[in-house]
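Before any comments, here is the structure.
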Amino acid sequence: MNPLHAAAEHHLPECLCWLRRMVEINSFTTRVEGIAALGRLTAECFAGLGFEAEFAAPANPAHGSHLFLRRGTGRPVVLVTHLDTVFPPEEEQRHAFHWQEENGRIYGPGTVDNKGGTALIWLMLQTLRDTDPALFEQTPWLVAANSAEEVVGSDFAGQTRARCPGGARIVLVFEGGPRDDSGSHLVTARKGRLEYRLECSGRAAHAGSSFAEGVNAVVELAALLPRLAALSDPGKDLTVNVANISGGTVLNRVPHQAAAELEIRAFDPEVLHQAGQAVEALAGRTPGGAEIRVTRLGHTRAWPGGPDTDRLFEAWQHAGQTLGMSVLPMRRGGLSDANYLHTLAPTLDGLGPAGANAHCSERSAEGAKLPEYVLAGSFVPKAALNVLALGSLLRR
Ligand SMILES: [Zn+2]
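Numbering (numbering that gives the first Met the number 0), first residue to last: 0 to 395.
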């Protein structure tokens, strides 16, 4: 057996033991006491590797504290994970969703998103310490664990940046890395997102006696929606999702108010920007005399990838060849902390274990619906791959 695999295999039982304890703590984003308990457990887990813990208050008091674990001084290698899950305690109970090992899969809340990622960071560092203690010792590390990754508008990236005053060497994000017959996928780009709310003001009128005096806000707004949907362009990897619509009140009234919300995603920041401009250009008067107001609800910048990420990816691909693993790049539409942190240092994502069904807790009798799980057999090969690739970069 390859010495990296042997070292990782040696630490796997303890790794899964930590993971199980993490999964058994409910850490739904707004369950502050659960996030705190998981933060303390994670600090304890990494204390054995010589990491010092710092808990940092989040911008939103409804969230728990972020956790920063530091070892050494200087420009760190930043290892990114998150503490929160999307499952409230009631949902876990309702669906009897808890740690359950079955045919190589471990089901449970956060097993792949993202407690498995945290456990893999630990396994990777243990493996590096065993196989190249000098490199482990001399490298400054910062494990950055977001308390509220599952909600938009996180301040976590700013706090991480503040802990790297001289910059960082590399940012590695330990979101799950999908694995299929073609190989292991690493994430090399993520779409950005713009979110909008459109409000339409018409004029109310009695639908029977003064219909002609009304300006129907529902009809005026609805007429715009196909135009918005048509902004989607597969050739540009641009999607426009009209997500919800509401308006009107009672049947005998011409509706004076309507609203819709939509989000736009693209890899190319310029494509994203132009689509946003097209939405914003709808503000003003409609042909039917209603007034449209456009509000931008949020903006998450795209991580388009590029030469810095490609250089990291090549190191992982090369390590994969050495270990007999096929390593492939993947561009994803979903967001992660890489969207916010890629400007800090060259960034690679998808470094966590493989699994599936993130954000699902239901299991149906016939197995058509299965909840989130991680593949127990993916920890050792991924830890070995990460150690070999990262080691090659750090020794350069
Ligand atoms: Zn998630």
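Quick reminder that beta carbons are idealized off the backbone N, C-alpha and C, glycines included.
Cβ-heavy atom distance, residue i to ligand 1, below 7 Å
i: D112; result: yes
i: V170; result: no
i: H62; result: no
i: V85; result: yes
i: H358; result: yes
i: E149; result: yes
First through last residue of the alpha helix (DSSP H) which encompasses residue i
i: V151; result: Unbroken run through V151: none, as it is neither H nor E.
i: G246; result: Element bounds for G246: not the alpha helix (DSSP H) but the beta strand (DSSP E), 238-246.
i: I263; result: Careful: I263 lies outside any alpha helix (DSSP H), inside the beta strand (DSSP E) at 256-265.
i: D309; result: 306-322
i: L127; result: 114-130
i: H65; result: No alpha helix (DSSP H) holds H65; the beta strand (DSSP E) holding it covers 65-70.
Boundaries of the beta strand (DSSP E) in which residue i is found, first to last residue
i: V373; result: 372-374
i: P328; result: 326-331
i: E89; result: Taken as a continuous stretch (DSSP letters only), E89 belongs to no beta strand (DSSP E), being part of the alpha helix (DSSP H) at 88-93.
i: E100; result: 99-101
i: C359; result: Run containing C359: none; DSSP gives neither H nor E here.
i: A52; result: 51-55
i: V293; result: 290-299
i: R196; result: 191-200
i: N1; result: Taken as a continuous stretch (DSSP letters only), N1 belongs to no beta strand (DSSP E), as it is neither H nor E.
i: R395; result: Segment: none, R395 is in no beta strand (DSSP E) and carries neither H nor E.
i: R168; result: That residue, R168, is in no beta strand (DSSP E); it is neither H nor E in DSSP.
i: A211; result: Careful: A211 lies outside any beta strand (DSSP E) and carries neither H nor E.
i: H81; result: 76-81
i: N145; result: 140-145
i: I105; result: 104-106
i: T346; result: 346-348
When the options are compared against residue i, the one with the closest alpha-carbon
i: A375; options: S360, N385, G351, A364; result: G351
i: E51; options: P2, L40, P57; result: L40
i: L384; options: E90, M123, G49; result: M123
i: L78; options: A35, R19, A156, E89; result: A156
i: P303; options: A55, M0, G71, R192; result: R192
i: P417; options: V379, L393, R69, V386; result: Lying outside 0 to 395, the shown extent of the chain, residue 417 is not represented and no answer is given.
i: E32; options: V253, S391, P88, S153; result: P88
i: E91; options: L389, I120, H358; result: H358
i: A58; options: T72, Q99, S146, P2; result: S146
i: T285; options: G201, A211, D267; result: G201
i: A277; options: I263, L389, S363; result: I263
i: R394; options: T308, L127, L18, Q256; result: L127
i: A203; options: V111, G246, K190, D236; result: G246
i: Q125; options: L3, G275, L334; result: L3
i: D336; options: P75, L119, S363, D348; result: D348
i: A382; options: N251, G175, E269; result: G175
Distance cut-off 7 Å: residue i Cβ against heavy atoms of ligand 2
i: P12; result: Of the ligands one can find in the structure shown, namely ligand 1, none is ligand 2.
Exercise. Is there contact here, the region 167-185 with the region 229-241, by at least three beta-carbon pairs under 8 Å?
Worked result: Contact fails between the region 167-185 and the region 229-241, because fewer than three Cβ pairs, one in each stretch, are under 8 Å apart.
Exercise. Counting pairs of beta carbons, one from the region 88-106 and one from the region 166-175, are three or more of them closer than 8 Å?
Worked result: Too few Cβ pairs lie closer than 8 Å, so no.
For this session: Kindly confirm or deny that the region 135-148 and the region 295-309 touch, where touching means at least three C-beta pairs closer than 8 Å.
Result: No, because fewer than three Cβ pairs between the region 135-148 and the region 295-309 fall closer than 8 Å, the two stretches do not touch.
Exercise. Is the region 126-134 in contact with the region 53-73, if contact means three or more CB pairs nearer than 8 Å?
Worked result: Two segments are said to touch when three or more pairs of C-beta atoms, one from each, lie closer than 8 Å; by this definition the region 126-134 does not touch the region 53-73.
Exercise. Is the region 181-199 close to the region 358-370, with three or more CB pairs under 8 Å?
Worked result: These segments do not touch.
Exercise. Should the region 22-40 be regarded as contacting the region 69-89, the criterion being three or more beta carbon pairs within less than 8 Å?
Worked result: Short answer: they touch.
For this session: Could you tell me whether the region 386-393 touches the region 316-326, where touching means 3 or more Cβ pairs closer than 8 Å?
Result: Judged by Cβ distances under 8 Å, the region 386-393 makes contact with the region 316-326, as three or more pairs qualify.
For this session: Answer yes if the region 206-213 comes into contact with the region 336-345, meaning at least three C-beta pairs across the two stretches below 8 Å, and no otherwise.
Result: As far as the Cβ criterion goes, the region 336-345 does not touch the region 206-213, which means the pair count is below three.
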